[in-house]
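What follows is one structure encoded as structure tokens, with my remarks underneath.
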Amino acid sequence: MEKNTLLKKLTDASQEHVLKYWDELNDEERKALSAQIETTDFQIIKHSFDSYKNAKPSEKKITPIKAIQLNEINENKDEFKEAGVKAIKNNEVGAVLLAGGMGTRLGNNGPKGVCDIGITKPVFIFERIFTNLLDVVKETGTSIHLFIMTSDKNNDETVSFITEHNFFGYEKDYVHFFKQEMAIATDRDCKVFMDSKSHMADSPNGNGGWFLSLEKSGLLDLIKKVGIKWLNVFAVDNVLQRIADPIFVGATIKRNAKCGAKVVKKSAPDEKVGVMCLKDNAPSVVEYYELTDELMNTKDENGDPAYNFGVILNYLFDVESLIKISSAALPWHVVEKKIPYIDENGELISPTEPNGYKYETLILDMIEMFDSCLPFEVVRNKEFAPIKNKSGVDSIESARELLKENGIEL
Ligand code: UTP
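Residues in the sequence shown are numbered consecutively from 52, following the numbering used here.
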């Protein structure tokens, strides 16, 4: 784009300061900045910012959703397993690893998956994931396609790390990388931050855009060609999770659901996790801060809490439904963060307190777009060991304890 065209786009969005240093830039820098401006939808950012500033509480009616619980799963285990194994053997199940996040709470500067959580030997987070998926590959005698989402910020390191480790024994032709999109960051007045004279500050656009990014990368063609009907989408940081779990896959199929969500019983009524519910009769997740005391104390017919099952970011999605809903707009979330920027003298400042906003869409907002969702209970201590924080709750330390409890050598 010519400078004038860029300026027009920026002026329309009240962001003309982005070109402040244009005359100082060399050709390469101009090209990079121009490409970034071209691909940025400033109107979405403005719209999200305005909605955030004028946010009203949702008026959707929240009611309980029935989860399939451990007893019922055990009673039907054989039937579910048979259906799940059959789907896997027919190559109808693929896995999607969401690994585009910045892992800022853990703060290890780089892809979270390369983090070594071993004690007497190296055990990498990525290794745990490949090993867990390999269990199912061995059990079913079938290779499962694994799609790994990275971002501009961590793609090269992720790809070279996994390649250097020979895909941790996984068949490399079944591993496919794709990159998610980035979203610009703004100050508290919705002005875009620059983090250099030729680059707008940006960050991965959240985990909600995974399917659009997969589609854009061309990998949806492979999914259609292979005949994959179900995608098991999961987070990078749960080192105990079961992936492409035949019983979970079979239960979702047998119960005619278009989506399945692994859930765990909450450890306390006020635990800070999103719980499955219905919102205006559509399957959904209610965030812990939306859960009023009244909802928290509501009981089901057995006298158990009616909103008792927290999501662990392990979902099974029907591909046909994903294709239908892929064009539907997910809401954008505006999140306060510390965003490095250059000041009026061109000096890079790294703030110690939040100074602006990042913009992202979330996978949990996709659930509402499905006709049906089966919350599927799993045993917390066996399948949920997330690594989010440096220490304390959901840290490497807590995950190590759980791994040891499950007989995994570290
Ligand atoms: P989290 O919400 O825990 O975010 O991501 P995070 O980036 O890993 O960590 P913090 O919040 O900065 O500390 C849940 C899952 O979604 C993926 C993450 O990699 C993780 O597997 N994710 C998150 C993406 O793939 N892309 C994103 O833009 C954000």
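All C-beta atoms, glycine included, are put in the ideal place defined by N, C-alpha and C. Note that the coordinates shown come from a computational prediction; the quantities given were computed from them, not determined experimentally.
Using the C-alpha atoms, what's the distance from residue j back to residue i?
i: Ile298; j: Thr182; result: 18 Å
i: Ile96; j: Leu453; result: 41 Å
i: Asp272; j: Glu352; result: 46 Å
i: Tyr340; j: Val385; result: 16 Å
i: Val284; j: Leu364; result: 8 Å
i: Glu67; j: Met52; result: 15 Å
i: Gly443; j: Leu58; result: 49 Å
i: Gln292; j: Lys313; result: 10 Å
i: Leu373; j: Ser99; result: 24 Å
i: Thr201; j: Phe229; result: 6 Å
i: Ser268; j: Gly397; result: 35 Å
i: Asn256; j: Ser85; result: 20 Å
i: Ile400; j: Pro382; result: 30 Å
i: Asn122; j: Phe421; result: 26 Å
i: Glu143; j: Ala333; result: 26 Å
i: Gln94; j: Ala64; result: 7 Å
i: Arg7; j: Lys189; result: A question about residue 7 goes unanswered here, because the residues of the chain that appear run from 52 up to 461.
i: Val294; j: Tyr225; result: Strictly speaking, residue 294 in this sequence is Ile, with Val absent from that position. In a straight line, the C-alpha of Ile294 is about 15 Å away from that of Tyr225.
i: Lys375; j: Met347; result: 34 Å
i: Lys140; j: Phe131; result: 14 Å
i: Leu461; j: Pro320; result: 33 Å
i: Leu76; j: Ala106; result: 40 Å
i: Lys54; j: Asp78; result: 12 Å
i: Gly152; j: Phe218; result: 20 Å
i: Asp74; j: Cys166; result: 42 Å
What whole-angstrom Cβ distance do residue i and residue j have, given they're in contact under 8 Å?
i: Gly361; j: Gly325; result: 7 Å
i: Asp369; j: Trp281; result: 6 Å
i: Glu222; j: Ser194; result: 5 Å
i: Val411; j: Ser249; result: Note that residue 411 is Glu in the sequence shown here, rather than Val. Going by Cβ atoms, the distance from Glu411 to Ser249 rounds to 24 Å, so no, they are not a contact pair.
i: Ala236; j: Ile393; result: Ala236 to Ile393, Cβ: 13 Å. No contact.
i: Ser254; j: Ala234; result: 7 Å
i: Asp416; j: Gly259; result: 6 Å
i: Phe198; j: His227; result: 5 Å
i: Glu232; j: Ser377; result: Not quite, the Cβ-Cβ distance comes to about 14 Å (not below 8 Å), so this is no contact.
i: Lys112; j: Asp355; result: Not really, about 21 Å apart at Cβ, beyond 8 Å.
i: Lys316; j: Asn359; result: 6 Å
i: Lys196; j: Ile279; result: The sequence shown places His at residue 196, not Lys. About 7 Å separates the two Cβ atoms, so the contact holds.
Excluding the 5 residues flanking residue i on each side, which residues of the same chain have their C-beta closer than 7 Å to its C-beta?
i: Val69; result: Leu61, Ile88, Val243, Met245, Met251
i: Ala134; result: Gly301, Ile304, Lys305
i: Ala357; result: Pro115, Thr349, Lys350, Asp351
i: Leu185; result: Gly220, Tyr221
i: Ala308; result: Ser423, Cys424, Leu425
i: Val136; result: Thr191, Pro297
What's the call for residue i, buried or exposed, on a 16-neighbour Cβ count within 10 Å?
i: Ile170; result: exposed
i: Arg239; result: exposed
i: Ala380; result: exposed
i: Leu367; result: buried
i: Pro162; result: buried
i: Asp296; result: buried
i: Glu434; result: buried
i: Thr91; result: buried
i: Asn457; result: exposed
i: Gly192; result: exposed
i: Ala436; result: buried
i: Lys204; result: buried
i: Val277; result: exposed
i: Leu342; result: buried
i: Glu419; result: buried
i: Asn206; result: buried
In chain order, what residues of the same chain lie with their CB nearer than 8 Å to the CB of residue i, ignoring the 5 residues before and after it?
i: Ala83; result: Ser249, His250
i: Asn440; result: Arg156, Leu157, Ser446
i: Thr109; result: Sequence check: residue 109 is Ser here, not Thr. Correct list, in chain order: Lys330, Glu341.
i: Thr486; result: Nothing about residue 486 can be reported from this structure: the residues present for the chain run from 52 to 461 only.
Within a Cβ cutoff of 6 Å, which residues of the same chain sit near residue i, ignoring the five residues on either side of it in sequence?
i: Gly164; result: Ala150, Ile176, Phe177, Val287
i: Lys388; result: Pro405, Lys409
i: Ile168; result: Val174, Ile447
i: Tyr72; result: Lys248
i: Tyr103; result: Val385
i: Ile438; result: Asp288, Ile447, Ala450
i: Val187; result: Ala295
Less than 8 Å separating the Cβ of residue i from some heavy atom of ligand 2?
i: Val326; result: Only ligand 1 can be found as ligands here, which leaves ligand 2 out of the picture.
Three or more C-beta pairs below 8 Å linking the stretch 207 to 218 and the stretch 238 to 249:
No, the stretch 207 to 218 is not in contact with the stretch 238 to 249.
Does the pairing of the stretch 418 to 430 with the stretch 144 to 154 give three or more beta-carbon distances under 8 Å?
Not touching, per the Cβ criterion.
Spell out a yes or no on whether the stretch 435 to 448 and the stretch 332 to 339 are touching, meaning 3 or more CB-CB pairs, one atom from each, closer than 8 Å.
The stretch 435 to 448, when compared against the stretch 332 to 339, does not touch it at the 8 Å Cβ threshold.
Say whether the stretch 287 to 298 touches the stretch 149 to 167, bearing in mind that this needs 3 or more beta-carbon pairs closer than 8 Å, one atom from each stretch.
Because the criterion of three Cβ pairs below 8 Å is met, the stretch 287 to 298 and the stretch 149 to 167 touch.
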